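Below is one structure, written out as structure tokens; comments come after it.
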Amino acid sequence: MTVELLAPKYLTWMANGLLMTAWIAVIAIVFSTLAGFTLALARDAKKPVWRLLARCYTLVFRNTPLLIQLFFWYFAAPNLLPENTMLWLNTPHPLNLAGCTLGWPSFEFLAGTFGLTLYATAFVAEDIRSGIRGVPKGQYEAAAASGLTRWQMQRHVILPQALRHALSPLFGQYMNIVKNSSLTMGIGLAELSYTSRQVEAASFLTFQAFGVATLGYIGLIAILDVLARQVQQRVALPAGN
Amino acid sequence: MEALEVIHANLDYLLWGTWPDGPLGGAALTLVLSVVSGLASAAGGLLLGVLLAVLRGWSRQVLLLVLGFLRAIPVLMLIFWVYFLLPILFGLNVPGLVPVVCALSLISAAYLAHAVSAGIAALPQGQWNAAYSLGLTRWQVLRYVILPQALRMMLPSFVNQWITLIKDTSLAYVVGINELSTVASQVSNRVMIHPVPVFLFAGLVYFVLCAGLSALASYLGRSHQHASPAMV
Numbered sequence: 000m001t002v003e004l005l006a007p008k009y010l011t012w013m014a015n016g017l018l019m020t021a022w023i024a025v026i027a028i029v030f031s032t033l034a035g036f037t038l039a040l041a042r043d044a045k046k047p048v049w050r051l052l053a054r055c056y057t058l059v060f061r062n063t064p065l066l067i068q069l070f071f072w073y074f075a076a077p078n079l080l081p082e083n084t085m086l087w088l089n090t091p092h093p094l095n096l097a098g099c100t101l102g103w104p105s106f107e108f109l110a111g112t113f114g115l116t117l118y119a120t121a122f123v124a125e126d127i128r129s130g131i132r133g134v135p136k137g138q139y140e141a142a143a144a145s146g147l148t149r150w151q152m153q154r155h156v157i158l159p160q161a162l163r164h165a166l167s168p169l170f171g172q173y174m175n176i177v178k179n180s181s182l183t184m185g186i187g188l189a190e191l192s193y194t195s196r197q198v199e200a201a202s203f204l205t206f207q208a209f210g211v212a213t214l215g216y217i218g219l220i221a222i223l224d225v226l227a228r229q230v231q232q233r234v235a236l237p238a239g240n
Numbered sequence: 000m001e002a003l004e005v006i007h008a009n010l011d012y013l014l015w016g017t018w019p020d021g022p023l024g025g026a027a028l029t030l031v032l033s034v035v036s037g038l039a040s041a042a043g044g045l046l047l048g049v050l051l052a053v054l055r056g057w058s059r060q061v062l063l064l065v066l067g068f069l070r071a072i073p074v075l076m077l078i079f080w081v082y083f084l085l086p087i088l089f090g091l092n093v094p095g096l097v098p099v100v101c102a103l104s105l106i107s108a109a110y111l112a113h114a115v116s117a118g119i120a121a122l123p124q125g126q127w128n129a130a131y132s133l134g135l136t137r138w139q140v141l142r143y144v145i146l147p148q149a150l151r152m153m154l155p156s157f158v159n160q161w162i163t164l165i166k167d168t169s170l171a172y173v174v175g176i177n178e179l180s181t182v183a184s185q186v187s188n189r190v191m192i193h194p195v196p197v198f199l200f201a202g203l204v205y206f207v208l209c210a211g212l213s214a215l216a217s218y219l220g221r222s223h224q225h226a227s228p229a230m231v
């Protein structure tokens with residue numbers, strides 16, 4: 000028995016889907032980490048209003064399905080935005096950076112990465128926050144005694160240590176981002192799951208189409224796993240500490 | 000006001016589909032899907048978790064590999080796989096609900112398995128030794144001594160997994176099951192001009208279900224700590 004392989008044409012589709020998935024994931028990982036730090040700090044801020052807002056954000060975004068959030072950003076948000084903004088988002092604004100042109104993304108892409116980032120932020124923030132809580136109280140006191148301002152203390156003393164505690168759960172969230180990016184096919188973004196469905200419909204090679212896509216996801220997760228180990232080794236404290 | 004009118008006009012459809020005249024759908028189907036896959040994954044997770052705790056050598060490696068695979072792929076991909084493989088394996092056309100329940104239960108069980116085996120590992124070795132010295136067999140120790148204690152500790156993770164399941168049932172959208180997300184997008188497409196209230200309402204229903212359960216989970220976590228201070 001021979002297994003019919005996917006034609007090069009279909010493999011190209013799948014490769015494009017894989018690239019799209021990787022691209023969405025990278026953007027969502029970077030922005031949800033930045034926003035996650037902000038949200039984590041806001042959750043333990045001095046002003047009660049920040050704490051309340053941050054708590055509401057976490058509650059709402061963690062307790063509703065990502066798919067519904069994506070539907071909202073894709074189908075409903077355009078009704079809420081001013082017409083001019085929508086027009087601006089839908090017209091291409093190619094970006095010229097040092098000779099290479101970055102194409103303007105589709106609205107599916109904008110809504111998809113935006114939605115995925117906001118969803119992931121709520122989870123990333125909680126992991127960073129438990130990292131911050133793992134920093135012993137003495138570190139705050141020592142930093143304050145050294146005359147550091149509140150901001151310097153966070154920047155140079157607390158957050159670096161918090162990050163070390165949070166690394167492993169954070170990479171778990173990054174893997175979730177890769178997996179969750181598959182939901183953007185629900186709003187028509189041509190990422191890996193979407194292209195596997197397309198290839199399946201066009202070639203009738205269901206097993207091969209899903210097989211290649213599954214391997215693609217496992218490959219991306221494996222890359223993150225290797226990265227996590229390397230970063231962890233690099234920041235590990237010498238034994239005995 | 001007009002926006003609320005849309006919700007009101009479609010409320011029955013959003014909450015339970017065409018039931019009782021037609022099949023159950025909407026929020027009610029979301030709940031049914033999550034309860035069925037919740038129970039199936041609790042049973043599966045318990046079994047796999049116990050296996051993970053007692054197996055040694057290559058069989059444990061194989062199990063770890065399977066669990067790792069299930070945790071590495073998106074739920075969506077697994078739904079595609081089961082949707083495609085079930086008819087081939089059993090040679091019959093299964094209703095669309097079955098693949099979704101199977102896929103959700105499998106992934107959920109894989110996550111729970113690690114929680115269960117961690118719960119078992121967290122119990123002091125003295126529990127095993129004491130039970131062995133009473134002459135219990137390995138399975139008896141598990142059944143009567145270890146699991147009753149471990150399960151109480153793990154109850155919050157089971158409830159948390161259920162919350163994840165409620166959210167994940169929305170993925171049934173990709174195979175056209177009429178649960179809340181599918182029904183919401185149908186209503187939104189039909190009405191055309193009011194996507195905002197429709198998706199906000201669907202989000203609200205999910206929120207009430209998930210946040211309610213989440214409150215229950217933290218209550219269970221607290222009351223457990225209260226009940227057995229020695230374990231904390």
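Keeping their order, the protein sequence lines are chains A and B. Under numbering that gives the first Met the number 0, the first residue of the first sequence is numbered 0, with each subsequent residue one higher. Under numbering that gives the first Met the number 0, the first residue of the second sequence is numbered 0, with each subsequent residue one higher. Ideal placement from N, C-alpha and C gives every residue a C-beta, glycine not left out. This one's a predicted model, so the numbers in the text were calculated from it and none came from an experiment.
Can the beta-carbon of residue 169 of chain B be found less than 7 Å from the beta-carbon of residue 187 of chain B? no
Can you tell me whether residue 16 of chain B is helix, strand or coil according to DSSP? strand
Tell me whether residue 3 of chain A sits in a helix, a strand or coil according to DSSP, three-state version. coil
Going by C-alpha distance, which of B:185, B:219, B:213 is nearest residue 12 of chain B? B:185
Quick one: which residues of the stretch 198-211 of chain B get their C-beta closer than 8 Å to a C-beta of chain A? List them in chain order. 198, 199, 201, 202, 205, 206, 209, 210
Spell out whether any CB of chain A is found under 7 Å from the CB atom of residue 73 of chain B. yes
By DSSP, does residue 190 of chain A sit in helix, in strand, or in coil? coil
Looking at the strands, I want to know which residues DSSP matches up with residue 45 of chain B. BP columns for residue 45 of chain B are empty, so no partner.
To which residues of the same chain is residue 100 of chain B closer than 6 Å at the C-beta, ignoring the five residues directly before and after it? 35, 36
Using a Cβ-Cβ distance under 7 Å, would residue 64 of chain A count as near chain B? yes
Go ahead and pull the three-state DSSP assignment for residue 146 of chain B. helix
Quick check: the Cα distance between residue 165 of chain A and residue 129 of chain B, rounded to an integer number of angstroms? 37 Å
Is residue 133 of chain B helix, strand or coil when you go by DSSP? coil
If you measure from the beta carbon of residue 194 of chain B to each beta carbon in chain A, is any gap under 7 Å? yes
Could you confirm whether any beta carbon from chain A is found closer than 7 Å to the beta carbon of residue 169 of chain B? yes
Give me the Cα-Cα distance between residue 123 of chain B and residue 149 of chain B, rounded to the nearest whole angstrom. 11 Å
7 Å Cβ cutoff, residue 80 of chain B in contact with chain A: yes
Under the DSSP definition of a beta bridge, which residues are partnered with residue 23 of chain B? B:16
Would you kindly check if the distance between the Cβ of residue 32 of chain A and the Cβ of residue 156 of chain A is under 7 Å? no
Measuring CB atoms only, is the stretch 58-73 of chain A touching the stretch 105-117 of chain A, in the sense that at least three cross pairs come out at less than 8 Å? yes
Rounded C-alpha distance that separates residue 137 of chain B from residue 131 of chain B: 8 Å
Which residues share a DSSP beta bridge with residue 1 of chain B? DSSP, once it has assigned bridges, lists no residue as partnering residue 1 of chain B.
Which word fits residue 16 of chain A, buried or exposed, when buried means at least 16 other C-beta atoms lie within 10 angstroms of its C-beta? buried
In chain order, what residues of the same chain lie with their CB nearer than 8 Å to the CB of residue 15 of chain B, ignoring the 5 residues before and after it? 23, 24, 25, 26, 27, 28
I want to check one thing, is the minimum distance from the CB of residue 82 of chain A to the heavy atoms of the ligand HEM below 6 Å? Only the bare structure without any ligand can be found here, which leaves the ligand HEM out of the picture.
Here's a check: name, in chain order, each residue in its chain whose Cβ is nearer than 6 Å to the Cβ of residue 24 of chain A, leaving out the five neighbours to either side. 176, 177, 180
Check whether the stretch 110-118 of chain B and the stretch 207-215 of chain A are in contact - that is, three or more C-beta pairs closer than 8 Å. no
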